[in-house]
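Down below is the structure, laid out as structure tokens.
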Amino acid sequence: LLLLAQTWDAPTAERLGLVNRVVARDELWADAQQMAEDVALVPPLTAEAIKRSINGMLDRMGQRDSWQLHFWMHQFVSATPTATSRVEARRAGGMAAVKREQGGAPADRTE
């Protein structure tokens, strides 16, 4: 997901587990409000216990160290001459420029 720079429609995002559910735009506020009301019914102590349990499990799997390593690597790679030389072209062309570049075209190429 991180390397492909793809975009997905809502049903695909739902199928991939990137969103809880897909609702029509005109139903979004009401659906979000209902979800918030349902979450608010969870007793605070229960919510805290669930959060601590999940975070503890992820930390034992190395999540905290993995995030720190990912951040360091991102900062390092983003500062290389290759990356910095492409920043302006990517800014000017947006995601379309990134996709063209990934397809083998120079980042600053316009169509």
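Using the numbering used here, the first residue of the sequence shown is number 123, and each one after it goes up by one. Yeah, the Cβ is synthetic: ideal placement off N, Cα and C, and Gly gets one too. Please read all numbers here as calculations on a predicted model, not as lab measurements.
Classify residue i as helix, strand or coil using the three-state DSSP reduction.
i: L140; result: coil
i: G216; result: helix
i: P165; result: coil
i: W130; result: coil
i: M179; result: helix
i: R222; result: helix
i: T206; result: helix
i: V199; result: helix
Measuring alpha carbon to alpha carbon, tell me which residue in the options is nearest residue i.
i: A132; options: Q190, L125, L150 and F198; result: L150
i: M157; options: R143, L167 and P166; result: R143
i: A211; options: R222, Q197 and E159; result: R222
Less than 8 Å separating the beta-carbons of residue i and residue j?
i: V145; j: D153; result: yes
i: L138; j: W130; result: yes
Would you mind giving the Cβ-Cβ distance between residue i and residue j, rounded to the nearest angstrom? I have them listed as a contact below 8 Å.
i: M217; j: A127; result: 7 Å
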